[in-house]
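A.B. asks: I have a structure here, written as structure tokens, and I will follow up with some questions on it.
Protein chains: 2
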Amino acid sequence: MITIDYQSRAPLYEQIVEKFQMLILTGALPPGSQMPSVRSLALELSINPNTIQKAFALLEQQGYIFPIKGKGSFVAENDRLIIQKRENCLLKLEALLRHAREIGVPKADCTALLTRIYHQEVAL
Amino acid sequence: MITIDYQSRAPLYEQIVEKFQMLILTGALPPGSQMPSVRSLALELSINPNTIQKAFALLEQQGYIFPIKGKGSFVAENDRLIIQKRENCLLKLEALLRHAREIGVPKADCTALLTRIYHQEVAL
DNA sequence: TTAACTGTACTATTACTGATAATACACTAT
DNA sequence: ATAGTGTATTATCAGTAATAGTACAGTTAA
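Residue numbers (our numbering), protein chains in the order written: chain Y, -14 to 109; chain X, -14 to 109.
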């Protein structure tokens, strides 16, 4: 269902959070659908259940999922999440672009890159 | 001379490395100029000298500075460094742009941001 | 009811890494 | 000589990620 990068500086639980954020925001996991159980996912990823639990607790806290004791966790429906996520992405992009300009990356290189990335498929 | 962000996830020594990379690549510290001493910088930043030493060792390893025992560390001259740095920045930018497209950030928002950032001043 | 699954909570332990502390040595300049 | 450089070494502390093990409460279906 998801993959983990053991080279990353980000902790496992945070990677899990981000992966599921993506799956939910892109609609791969639609609202109302059931999340994998803590134990099954832990088994699948060969990760301690506590680590999964920590990730799910964060996802719940951020409004991505909601738990039902004895049944499982389910994807919540929230339109504001995707908006927040996009705004956050634009903030990161702004910081990176400022840095690029600062160290002398030509504007043309950035525009070319942008065109190339966004040319491959139609945006959502 | 430089400032440290104690909220950042990046370790102190890595922040120091990046700050001096910027100072050197932008020409604020020109080739041949003397770096602050390990001890003085440690005092100024209220950081352990060993941490500064670790940062300087990395800077030397990457070709940014060269040490002379008993005299100090000095900024090296290397044109390839700035090129490598820019390429690395473009790689990060590519990854971030792919992510932006993936979560549905409109292309127009990215182009607008790019224009705004690069409009403020002429690139180096 | 029983069994097997769910989420949740708690404590303890391990492992890793960043950062500090305290020295020590070799070299340079005044 | 003295004070400043870079460099190296060892030890220790602190924070956090991750694991391990156990326990409890609720749901579901045989």
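C-beta atoms are modelled at their ideal positions from N, C-alpha and C, and glycine is treated no differently.
Since the structure is predicted, the reported quantities are computational estimates derived from the model, not experimental observations.
(1) By the three-class DSSP mapping on this structure, what secondary structure does residue 34(Y) have?
(2) Taking the alpha helix (DSSP H) that residue 53(Y) belongs to, which residues open and close that run?
(3) Under 7 Å Cβ-Cβ, which residues of chain X neighbour residue 81(Y)?
(4) Roughly how many angstroms separate the alpha carbons of residue 87(X) and residue 100(Y), rounded to a whole number?
(5) Can you pull the chain Y residues whose beta carbon is under 7 Å from the beta carbon of residue 94(X), in chain order?
(6) What first and last residue would you give for the alpha helix (DSSP H) that runs through residue 2(X)?
(7) Looking at chain Y, which residues of the stretch 58 to 73 of chain X have a Cβ within less than 8 Å of any of its Cβ atoms?
(8) Can you pull the chain Y residues whose beta carbon is under 7 Å from the beta carbon of residue 24(X), in chain order?
(9) By the DSSP assignment, the alpha helix (DSSP H) with residue -10(X) in it spans what residues?
(10) How would you call residue 58(X), buried or exposed, if buried means at least 16 neighbouring beta carbons within 10 angstroms?
(11) Closest to residue 32(Y) by CA distance: which of 104(Y), -4(Y) and 81(Y) is it?
(12) With burial defined as no fewer than 16 other Cβ atoms inside 10 Å of the residue's Cβ, what is the status of residue 76(X): buried or exposed?
(13) Buried or exposed: which applies to residue 109(X), given that a residue is buried once 16 or more other Cβ atoms fall within 10 Å of its Cβ?
C.D. replies: Working from what's here:
(1) Note: residue 34(Y) maps to helix in three-state DSSP.
(2) Where residue 53(Y) is concerned, there is no enclosing alpha helix (DSSP H), although the beta strand (DSSP E) it sits in stretches over 50 to 53.
(3) Around residue 81(Y), the beta-carbon contacts reaching into chain X at under 7 Å are 77, 78 and 81.
(4) Spanning the two alpha carbons is a distance of roughly 15 Å.
(5) Residues of chain Y passing the Cβ test: 75.
(6) Taken as a continuous stretch (DSSP letters only), the alpha helix (DSSP H) holding residue 2(X) covers -3 to 10.
(7) Here the close residues are 67, 70 and 71.
(8) Residues of chain Y passing the Cβ test: none, with the nearest at roughly 29 Å.
(9) It is not in any alpha helix (DSSP H) - residue -10(X) carries neither H nor E in the DSSP assignment.
(10) Result: buried.
(11) Comparing Cα positions, the closest option is -4(Y).
(12) Flag for residue 76(X) reads exposed.
(13) Only weak support is given to the placement of residue 109(X): the predicted model assigns it a pLDDT of 47, under 50, and the value that follows is read from those uncertain coordinates. So residue 109(X) counts as exposed.
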